[in-house]
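Asker: Residue numbers (our numbering), protein chains in the order written: chain A, 1 to 323; chain B, 324 to 622; chain C, 623 to 937; chain D, 938 to 1276.
See below:
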């Protein structure tokens, strides 16, 4: 049985134009110690999926489907039970390490908070544990840093603090939502290495959300490509990156200028713009930007189909080659 | 209490404005209930002031001792005061005073305050320091204190009330405009205008002012409401409008001597003030929602 | 921290000295001859000459200003022209009424506003929120002196529960004093409560949207725990700001309310002084009020730095 | 003196030439008893770009690349050194001529949501650059300044970036991020400048849209012969757009080379680390040789090499002696003792 199993997850959010679907029928599994990358552009529903797993969607959001942790459906739990899981069995780190830390509290106190909440650690015990965690995430001079305020640290250091906080109760699953997007490249490398190392050492499962195919490709074993609130392609990272089947993933891959690649004419582009939630086509969400789209794409949403070992895609035309 | 969706889903947040914007300002205004109530109340105040210029049920100043302290009746809808004057007529005429004082005081404060605020935001450095220290100094003197000083120096009069309110409003507007202006100067489109060779004055007029005009309008509405309250208070204390000029504040102060005899005459002018101020405040809050949904959160 | 405080202290000094200059100019220099201001233009020359001599008005303005300020540093405010007693003594007596009134209404307003504001924010867009917002909208629109009159009509004229005004003095027993201040305190706190409620509500709503609150929830804190541990302290900064601004409102409020309830406080003193043209009293009382406003705002600045560690390094 | 020379013979054709450029900022005091700190944002930068070429400036936050862009655009004054555009020293131009000279150099900003005034129409936004440059057209309301040439230039620029004429009277909020960046490019293009400085022009855009904008920039260079200085943290973008690349670290250029040379054989340890840190698609899970620590402090000036404290190759010489930017191959320069 998978550690985390998301099936047919649908989330509707309140917008000024009424309820709009942000996530539509997302399904995936995460094994114990497994790593899953979720990749997609803005508004594709990747962050909403993560927040749905955490149970931290904005007020008024409607969630259906199942999110099972060790076989127990999280959506069926009451708020109190979900609080016991958050930060304890499932932890999350966010994109902006600056705004994600409380500016008026010292970092030691902020890291100790889940320890106190879920493990009942207090005083010197909590402080020792915090020091151990800070050391574990490689923050230089933890004994001094523990009493610092967030604004006294650099972005990379703050993200290490966030990771220490997420790690504090040895969670089964770590959700990382664009953890390195706000950081410099060399710092991003440090943080990704740290996350990799922690996953290997602790055996926790990782869901890494990013818009950067490179980050996902280097960090996770499996990958789900999202577009317009749905997973359009899913499978083993190596296999997918070697041979994308969905026209959107293919387009995304081709649109990235790669370092050291021979320059042969202009970059391939996906026409049109990233759609807004309320404007999504109802059948295949990519139909209006897709070169292969035919009448059926406008009429009927494609289902996920297995197209090879460890690779599934949702496209009516996946067998055909691009025009 | 709500949590927002992660910043990485930038596109979804950006789009929400587009749908409502297409409705148009007027359409959204008509659907904004408290804004419409505010408009109605303020409209009523303005109309009664205008009507009172040409017609009132009775003379607001004529003393008829025989008719004094009458309860509301068919000929005197709101009753009469201690001199037998018609209260409804006095309230209609009193609206004139409130509006005139508010208009002049707010315009004075807005014109000078906005200019100083824009100047401070554009120049920064010591210019800003001087303007802000002056405004600190100004804020050390609340309206009533300024009015007291002016009255003690020059004797009582409506001009003092207007001046006191105007002076006070200068720093209110200057602060608000400086803050909003500095935020605008940090936007990239201002940098782009500089790259296009625009000078400070041109940037202030073309980019900074149009983008903060809504803040100024909202502030003006709220300041107008505060001015009506303050004028009433000053007249109540005897340092504002002087007899025979009709004024809601003075009506209240006079009514207090007859509170045991005819408590009802203390009710009408107060109601007039409350409804006028409420109307303007509702307009101000409504405008804030309507022109910029992001601003609405700030308060 | 030290630079922040030093700058604030400098601002404070500049403001307070500027205020004294302005008061002096407006009362004794710009209107012309203070002796004429005090006696009126019809006064006989001999009386004018006498008062000039008595108050030292024959000296140049600059000298008189310095003498005034020097006196203040020695705790001297001069003699009231009308009552012929030291102004410090007059103010001291009157503060026994004004201070309890001001502090009492500020306390009532703060407690009510914080509870109402937090309640409204946690019930955002629900009936409780609308109720609180409606109340505060009304509280903003009601002139406090009229509210006072209405309370007098209700509690004194109709119900006869409380006195309609006046103050017996603290010598007559604590309860009688408190009783006569109850309506004034309640009256004065209405508009303060309305303003602070609005600010508290929106500050809490704003902070609740911040990323770090989401982090707190991701750690497993309940909504309520996140509110108490993470939102409130951050929301305190705007509430403090408005608290500082409201001190000016409270002070001028006491001026008005003391007149509504015929309380022998500083407010009554200053209006009597205006009618009596007692310049000595007017200028010192106005300076005292301005000084209180400035001092309180200086203290608010210090509180900021205590609440928000980031402010310590900004200037 | 390490010369600004890259390819000496054609240097006379330089559109932009920067010499010994420094920019230091003084921070507000933190303590009464200590001197205020100084931020050393730029510490002596030399470079030049020939007509029709494009130079990429790469580096992490705090390396001074945005400060460099602002100085080249005369939006800020250097502490020392000079900026020459088409042979004219910007610091010596009188204000009037400066405004006119701005027609020759324009800028594209990072944030397509912040760089367009939400209250102006596209027509006015794009035309603004003309306003300030053509005397008599400098009317503030933008309507009376609608001369025929201006209309024509705006129309051409809008067309060149792939927008339609009926977009001219729309407001920025009616466009998506990519389209807004097209408007920003049109604004930079409308005066037919020789140089366009683009500060992270695509980093706020989604990948699929980013490619559209990069292609557009390429096309415009071919069609209009414009010279680019492209500031970016994204090596892939620089590799795609630029002919030459300068790598910056803590206010200095540490390596300069043609695109091909640099990406084939990075010489400076910092450049090597930067390349290694970039996530590669299809590389599989891997460990990098990551640099330790953070980008050094901008408020201190190291006696030796600014990179020494993070450098895997650092030796005692590096902390004592600052390396010069020296030629290591034809058209390839690096400032490292061991390059």
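Cβ coordinates follow ideal geometry from the N, Cα and C atoms, glycine included.
Please read these numbers as outputs of a predicted model, since none were measured by experiment.
Given that a residue counts as buried once 16 or more other Cβ atoms are within 10 Å of its Cβ, and exposed if not, what is residue 973 (chain D)?
Answerer: Position 36 of the fourth chain, counted from the first residue, corresponds to residue 973 (chain D). Its Cβ having fewer than 16 others within 10 Å, residue 973 (chain D) is exposed.
Asker: Please classify residue 397 (chain B): does DSSP put it in a helix, a strand, or coil?
Answerer: The residue you call residue 397 (chain B) lines up with position 74 of the second chain. In the structure shown, residue 397 (chain B) sits in coil (DSSP, three-state: anything other than H, G, I, E or B).
Asker: May I ask which residues mark the beginning and end of the beta strand (DSSP E) holding residue 222 (chain A)?
Answerer: Mapped onto the first chain, residue 222 (chain A) falls at position 222. It spans 222 to 227 - the beta strand (DSSP E) in which residue 222 (chain A) sits, taken as one unbroken run.
Asker: Let me see if you follow: with CB-CB separation under 8 Å, is residue 861 (chain C) close to chain A or not?
Answerer: Taking the first residue of the third chain as 1, we reach residue 861 (chain C) at position 239. With 8 Å as the cut-off, residue 861 (chain C) does not count as an interface residue toward chain A.
Asker: Who does residue 63 (chain A) pair with in a DSSP beta bridge?
Answerer: By one-based count along the first chain, residue 63 (chain A) stands at place 63. BP columns for residue 63 (chain A) point to A:11.
Asker: With a threshold of 6 Å on Cβ separation, who are the neighbours of residue 926 (chain C) within its own chain once the five nearest residues in sequence on each side are excluded?
Answerer: Walking along the third chain from the start, residue 926 (chain C) turns up at place 304. Once the five neighbours on either side are set aside, the close Cβ partners of residue 926 (chain C) are 933.
Asker: Just the chain D side, please: which residues come within less than 7 Å of residue 512 (chain B) by C-beta, in chain order?
Answerer: Working through the second chain from its first residue, we reach residue 512 (chain B) at position 189. Residues of chain D passing the Cβ test: 1051, 1052, 1053 and 1054.
Asker: When you compare the CB positions of residue 1011 (chain D) and residue 1023 (chain D), do they come within less than 8 Å of one another, or not?
Answerer: The sequence position of residue 1011 (chain D) within the fourth chain is 74, counting from 1. The sequence position of residue 1023 (chain D) within the fourth chain is 86, counting from 1. The answer is no: Cβ separation not under 8 Å.
Asker: Measure the C-alpha to C-alpha separation of residue 122 (chain A) and residue 116 (chain A) and round it to an integer number of angstroms.
Answerer: Here residue 122 (chain A) refers to the residue found at position 122 when the first chain is read from its first residue. Here residue 116 (chain A) refers to the residue found at position 116 when the first chain is read from its first residue. For residue 122 (chain A) and residue 116 (chain A), the distance between alpha carbons rounds to 6 Å.
Asker: For residue 701 (chain C), list the residues DSSP reports as bridge partners.
Answerer: For the purposes of this step, residue 701 (chain C) is identified with residue 79 of the third chain, where counting begins at 1. Looking at the DSSP assignment, residue 701 (chain C) forms a beta bridge with C:708.
Asker: Once DSSP output is grouped into helix, strand and coil, what is the label at residue 318 (chain A)?
Answerer: Translated into positions along the first chain, residue 318 (chain A) becomes position 318. The answer is coil: DSSP assigns residue 318 (chain A) none of H, G, I, E or B.
Asker: Judging by CA-CA distance, which residue of B:599, B:577 and B:609 is the nearest neighbour of residue 589 (chain B)?
Answerer: Stepping through the second chain from its first residue, residue 589 (chain B) is reached at position 266. Nearest of B:599, B:577 and B:609 to residue 589 (chain B), Cα basis: B:577.
Asker: Cα-Cα, which of A:285, A:10, A:184 and A:293 is closest to residue 1230 (chain D)?
Answerer: Looking up residue 1230 (chain D) in the fourth chain gives position 293. For residue 1230 (chain D), the nearest C-alpha among the options comes from A:184.
Asker: Nearest CA to the CA of residue 324 (chain A): which residue from A:74, A:168 and A:179?
Answerer: Residue coverage of chain A in this structure runs from 1 to 323, which leaves residue 324 (chain A) outside it and unanswerable.
Asker: Check whether the region 761 to 770 of chain C touches the region 590 to 600 of chain B, taking contact to mean three or more Cβ pairs, one atom from each stretch, closer than 8 Å.
Answerer: A contact exists between the region 761 to 770 of chain C and the region 590 to 600 of chain B.
Asker: Buried or exposed: residue 1 (chain A), going by 16 or more other Cβ atoms within 10 Å of its Cβ?
Answerer: Numbered from 1 along the first chain, position 1 holds the residue referred to as residue 1 (chain A). So residue 1 (chain A) counts as exposed.
Asker: Mind listing, in chain order, the continuous alpha helix (DSSP H) runs of no fewer than 4 residues lying wholly within the region 165 to 253 of chain A?
Answerer: Counting only runs of 4 or more, we get 185 to 202, 213 to 219 and 237 to 242.
Asker: Closer than 7 Å by beta-carbon distance: list the chain A residues that pair up with residue 976 (chain D), in chain order.
Answerer: One-based indexing of the fourth chain puts residue 976 (chain D) at position 39. Going along chain A, no residue has its Cβ under 7 Å from residue 976 (chain D), so there is no contact; the nearest lies around 15 Å.
Asker: Using a Cβ-Cβ distance cut-off of 8 Å, determine whether residue 714 (chain C) contacts chain B.
Answerer: Stepping through the third chain from its first residue, residue 714 (chain C) is reached at position 92. With 8 Å as the cut-off, residue 714 (chain C) does not count as an interface residue toward chain B.
Asker: Can you name the residues of chain D whose CB is closer than 8 Å to the CB of residue 211 (chain A)?
Answerer: Taking the first chain and counting its residues from 1, one reaches residue 211 (chain A) at position 211. Per Cβ cutoff of 8 Å: 1143 and 1144.
Asker: Residue 255 (chain A) CB to nearest chain D CB: under 8 Å?
Answerer: Numbered from its first residue, the first chain carries residue 255 (chain A) at position 255. Interface residue, yes.
Asker: Compare the C-beta of residue 841 (chain C) against all C-beta atoms of chain A and say whether one is closer than 8 Å.
Answerer: Residue numbering aside, residue 841 (chain C) sits at position 219 when the third chain is read from its first letter. Residue 841 (chain C) counts as touching chain A.
Asker: Against chain A, with Cβ distances strictly below 8 Å, would residue 836 (chain C) count as a contact?
Answerer: Counting from 1 along the third chain, the entry for residue 836 (chain C) is found at position 214. Chain A, which has a Cβ nearer than 8 Å to the Cβ of residue 836 (chain C), makes this yes.
Asker: With a threshold of 16 other CB atoms inside 10 Å of the CB of residue 1159 (chain D), please say whether the residue is buried or exposed.
Answerer: Counting from one through the fourth chain, the residue named residue 1159 (chain D) turns up at place 222. Answer is exposed; the Cβ neighbour count stays below 16.
Asker: When DSSP labels each residue in this structure, what does residue 92 (chain A) get in the three-state scheme?
Answerer: Counting from one through the first chain, the residue named residue 92 (chain A) turns up at place 92. Reduced to three states, the DSSP call for residue 92 (chain A) is strand.
Asker: Quick one: does residue 1157 (chain D) have its CB under 8 Å from some CB of chain A?
Answerer: If you number the fourth chain from 1, residue 1157 (chain D) lands on position 220. No - not a single Cβ of chain A is within 8 Å of the one on residue 1157 (chain D).
Asker: Buried or exposed: where does residue 703 (chain C) fall if 16 or more other Cβ atoms within 10 Å of its Cβ makes it buried?
Answerer: As a first step, residue 703 (chain C) must be located in the third chain, where it is residue number 81. The residue is buried, with at least 16 neighbouring Cβ atoms inside 10 Å.
Asker: Which word fits residue 706 (chain C), buried or exposed, when buried means at least 16 other C-beta atoms lie within 10 angstroms of its C-beta?
Answerer: What you label residue 706 (chain C) is simply residue 84 of the third chain in a count that begins at 1. Result: exposed.
Asker: Quick one: give me the first and last residue of the beta strand (DSSP E) that residue 898 (chain C) is part of.
Answerer: Here residue 898 (chain C) refers to the residue found at position 276 of the third chain. That residue, residue 898 (chain C), is in no beta strand (DSSP E); its alpha helix (DSSP H) goes 888 to 898.
Asker: Using a Cβ-Cβ cut-off of 6 Å (strictly less than) and excluding sequence neighbours within five positions of residue 798 (chain C), which residues of its own chain qualify?
Answerer: Stepping through the third chain from its first residue, residue 798 (chain C) is reached at position 176. Around residue 798 (chain C): 790.
Asker: Look at the alpha carbon of residue 461 (chain B) and the alpha carbon of residue 469 (chain B), and state the distance between them as a whole number of angstroms.
Answerer: Counted from its first residue, the second chain places residue 461 (chain B) at position 138. Counted from its first residue, the second chain places residue 469 (chain B) at position 146. Whole-angstrom Cα-Cα distance: 9 Å.
Asker: Kindly provide the ranges of any alpha helix (DSSP H) runs that are 4 or more residues long and lie completely inside the region 839 to 887 of chain C, ordered along the chain.
Answerer: List check, alpha helix (DSSP H) in window: 845 to 848 and 854 to 882.
Asker: Rounded to the nearest angstrom, what separates residue 1216 (chain D) and residue 755 (chain C) at their Cα positions?
Answerer: Residue 1216 (chain D) sits at position 279 when you count from the first residue of the fourth chain. Residue 755 (chain C) sits at position 133 when you count from the first residue of the third chain. About 52 Å.
Asker: CB-CB under 7 Å to residue 1128 (chain D), same chain, minus the five flanking residues each way: which ones, in chain order?
Answerer: Sequence index remark: in the fourth chain, residue 1128 (chain D) carries index 191 (1-based). 1040, 1043, 1066, 1067 and 1070.
Asker: For a test of the three-state rule: what should DSSP assign to residue 1107 (chain D), helix, strand or coil?
Answerer: Locating residue 1107 (chain D) in the fourth chain gives position 170, where the first residue counts as 1. If DSSP states are grouped into helix, strand and coil, residue 1107 (chain D) belongs with coil.
Asker: Listed in chain order, which residues of the region 902 to 926 of chain C have Cβ atoms closer than 7 Å to some Cβ of chain B?
Answerer: Of all residues in the region 902 to 926 of chain C, 904, 908, 911, 912, 915 and 916 have a Cβ within less than 7 Å of some Cβ in chain B.
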